[in-house]
Amino acid sequence: MISVTRLNGSQMWLNAMMIETVEETPDTYVTLITGKRIIVLEKAVEVLAMIKEYYTEIGIHAATIKVQQTEELS
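Heads up: the sequence shown at position 57 corresponds to 56 in numbering that gives the first Met the number 0, and the numbers run straight through without jumps.
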């Protein structure tokens, strides 16, 4: 889970695995795979960094790299 801040200043925890897109126009919108859109105070690069950190913590990032390396050897 990653912590983001809603426009009213309240903290919200999002399941990073459910995030489909993050866009900044200029507000930062996080779109979930359910289609729900949430506006957050963090910049898009901050949200992406939190997602990457979360993936690294749970081992998905390393697993993805290993799969890519295996596919390249084939």
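In this text, a Cβ means the ideal position worked out from N, Cα and C, and glycines have one as well.
Next on the checklist: Taking the alpha-carbon of Met16 as reference, which of Ile32, Thr24 and Ser9 has the nearest alpha-carbon?
Outcome noted: Residue mapping note: residue 16 aligns to position 17 of the sequence shown, counting from 1. Ranking Ile32, Thr24 and Ser9 by Cα distance to Met16 puts Ile32 first.
Next on the checklist: Between which two residues does the alpha helix (DSSP H) holding Thr33 run?
Outcome noted: Taking the sequence shown and counting its residues from 1, the one referred to as residue 33 is at position 34. Note, Thr33: premise wrong, no alpha helix (DSSP H); not H, not E.
Next on the checklist: Given a cut-off of 8 angstroms on the beta-carbon distance, is the pair Thr4 and Leu47 in contact?
Outcome noted: Stepping through the sequence shown from its first residue, residue 4 is reached at position 5. Stepping through the sequence shown from its first residue, residue 47 is reached at position 48. Their beta carbons are not under 8 angstroms apart, which means Thr4 does not touch Leu47 by this criterion.
Checklist entry - Taking the alpha carbon of Glu22 as the point to measure from, which residue in Gly58, Glu45, Gln10 and Tyr53 has its own alpha carbon closest? => result Start at 1 with the first residue of the sequence shown, and residue 22 comes out as number 23. Ranking the options by Cα distance to Glu22, first place goes to Glu45.
Next on the checklist: Quick check on the DSSP output: the beta strand (DSSP E) that includes Met11 runs from which residue to which?
Outcome noted: Numbered from its first residue, the sequence shown carries residue 11 at position 12. It spans Gln10 to Leu13 - the beta strand (DSSP E) in which Met11 sits, taken as one unbroken run.
Next on the checklist: Quick check: what's the CA-CA separation for Ser9 versus Pro25?
Outcome noted: Translated into positions along the sequence shown, residue 9 becomes position 10. Translated into positions along the sequence shown, residue 25 becomes position 26. Spanning the two alpha carbons is a distance of roughly 20 angstroms.
Checklist entry - Between which two residues does the alpha helix (DSSP H) harbouring Thr55 extend? => result Numbered from 1 along the sequence shown, position 56 holds the residue referred to as residue 55. Ala43 to Ile57 is the extent of the alpha helix (DSSP H) around Thr55.
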